[in-house]
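Residues are numbered in the working numbering as their position in the sequence shown, beginning at 1, plus a constant of 219. Even glycine gets a Cβ: it sits at the ideal position worked out from N, Cα and C.
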Amino acid sequence: MASTSSAVGTGSPVLRWSLRVLVVGYLFFLVAWPTGMVAQHTFANGTQGIREALADPDVVHALELTGQVAVIAVLINLVFGVGMSLLLVRTNFPGKRFLSVLIDIPLSVSPIVVGLALVLVYNGRFGWFGPTLEAHGLQVIFAKPGMIMATCFVALPLVIREVVPVLEEAGDDQEQAARSLGASGWQTFWRITLPGIRWAIIYGVVLSLARSLGEFGAVKVVAGNVGGETQVATVLVQQKYQNFQQETAYSVSFMLAFAAVLCLIVVALLRPKEGKK
Numbered sequence: 220m221a222s223t224s225s226a227v228g229t230g231s232p233v234l235r236w237s238l239r240v241l242v243v244g245y246l247f248f249l250v251a252w253p254t255g256m257v258a259q260h261t262f263a264n265g266t267q268g269i270r271e272a273l274a275d276p277d278v279v280h281a282l283e284l285t286g287q288v289a290v291i292a293v294l295i296n297l298v299f300g301v302g303m304s305l306l307l308v309r310t311n312f313p314g315k316r317f318l319s320v321l322i323d324i325p326l327s328v329s330p331i332v333v334g335l336a337l338v339l340v341y342n343g344r345f346g347w348f349g350p351t352l353e354a355h356g357l358q359v360i361f362a363k364p365g366m367i368m369a370t371c372f373v374a375l376p377l378v379i380r381e382v383v384p385v386l387e388e389a390g391d392d393q394e395q396a397a398r399s400l401g402a403s404g405w406q407t408f409w410r411i412t413l414p415g416i417r418w419a420i421i422y423g424v425v426l427s428l429a430r431s432l433g434e435f436g437a438v439k440v441v442a443g444n445v446g447g448e449t450q451v452a453t454v455l456v457q458q459k460y461q462n463f464q465q466e467t468a469y470s471v472s473f474m475l476a477f478a479a480v481l482c483l484i485v486v487a488l489l490r491p492k493e494g495k496k
């Protein structure tokens, strides 16, 4: 009985190698192979596809708009994400668990539903707040504000779920000591709290940026998708592919994927090793 348990246990070399092959195969067929195919088609004719894509004004505008929306959304999520993380970990209040559940809703709700909800609330013709906002000269739907709101929604949990565990693990002993010595709230945050969660924030920002660059469903609903005006890169990829301009679609897809992967690589290289500050 013991020998059978040893043969199938976690210490079995056969089982360990089988699990490794299974995991590597899963990642290969799910991630590496499709991504590699995009890269292969992008560079089938060298860099010609990239150069032709960047010579298209609609592509350039879509990439610029995507970058602007993503950066603004990440900055907004950074401020509110850190604030909500501190609220969840450092304070107790009625409805705390409900707020935690609300934060995870973007991970479970379809982005298409998010976009439709924003249209119902902020549309200038029949939305709840749309007519009032447009009367004051602010258009949300089919404009950049709506795209930013949709992107903020889908990427919101990524910063919070990186920062909350680090705050919980660190505790608040040092913060209480600083306050007992006369430090103000801002001094305690900048000198004690922020240094302790900086890498969690960086990872949350990187994940949020990657998610924002690749958002499709919610932004497509609220953007309007006018080429050269309100069309983001992900929607442009779909349009180019359906219009039999596959080379441009592959090139833009590769640029989006490369930007996201590059962020992860840079953070991994800059992060200090265990045991080093």
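Take the alpha-carbon of Gly390 and the one of Glu381: they are about 15 Å apart. When secondary structure is reduced to three states using DSSP, Arg490 falls in the coil class, being assigned neither helix nor strand. Taking 8 Å as the cut-off, the beta carbon of Leu377 is found no closer than this to the beta carbon of Ser304. Look at Gln450 here: in three-state DSSP terms it is coil, with no helix or strand label. Judged by their CB atoms, Leu432 and Thr254 are not nearer to each other than the 8 Å cut-off. Around the CB of Asn342, 16 or more other CB atoms lie within 10 Å, so the residue is classed as buried.
Shortest Cα-Cα distance from Ile379 to any of Val301, Gly265, Leu488 and Ala452 involves Val301.
Counting the other Cβ atoms within 10 Å of the Cβ of Thr266 gives fewer than 16, which makes it exposed. Looking at the backbone, the Cα of Val243 and that of Ala397 are separated by about 47 Å. Around the beta carbon of Leu307, 16 or more other beta carbons sit within 10 angstroms, so the residue counts as buried. Looking at Leu357, Leu297 and Ile421, the one whose alpha-carbon comes closest to that of Val486 is Ile421.
A contact between stretches requires three or more CB pairs, one per stretch, nearer than 8 Å, and the region 366 to 376 meets this requirement with the region 318 to 327.
Residue range Pro276 to Arg309 is occupied by the alpha helix (DSSP H) that includes Val278.
Here Glu388 is not near Thr412, since their CB atoms are 8 Å or more apart. Contact between Ser470 and Ile269 holds: their C-beta atoms lie close to 5 Å from each other, under 8 Å. Inter-segment contact for the region 440 to 459 and the region 354 to 361 is present: three or more beta-carbon pairs are separated by less than 8 Å. A distance of 8 Å or more separates the beta carbons of Leu455 and Ile416. Collapsing the DSSP output to three states places Phe463 in coil. Between Gly346 and Val338 a beta carbon distance of about 7 Å is seen, short of the 8 Å cut, so the two are scored as contacting. For His260, the enclosing alpha helix (DSSP H) stretches over residues Trp252 to Thr261.
As the crow flies, the alpha-carbon of Thr370 is around 46 Å from that of Pro232.
For Gln358, there is no enclosing alpha helix (DSSP H), as DSSP marks it with neither H nor E. By the C-beta density criterion, Glu434 is buried, having at least 16 other C-beta atoms within 10 angstroms. Inter-residue distance for Asp277 and Arg410 is about 45 Å (C-alpha atoms, whole angstroms).
Note on geometry: alpha-carbon atoms of Glu353 and Gly314 lie some 34 Å from one another. Under the three-state reduction of DSSP output, Ser231 falls in the coil class, being neither helix nor strand.
Following the DSSP letters along the chain, one finds Ser329 in no alpha helix (DSSP H), marked with neither H nor E.
A straight-line Cα-Cα distance of about 11 Å links Ala281 and Ala272.
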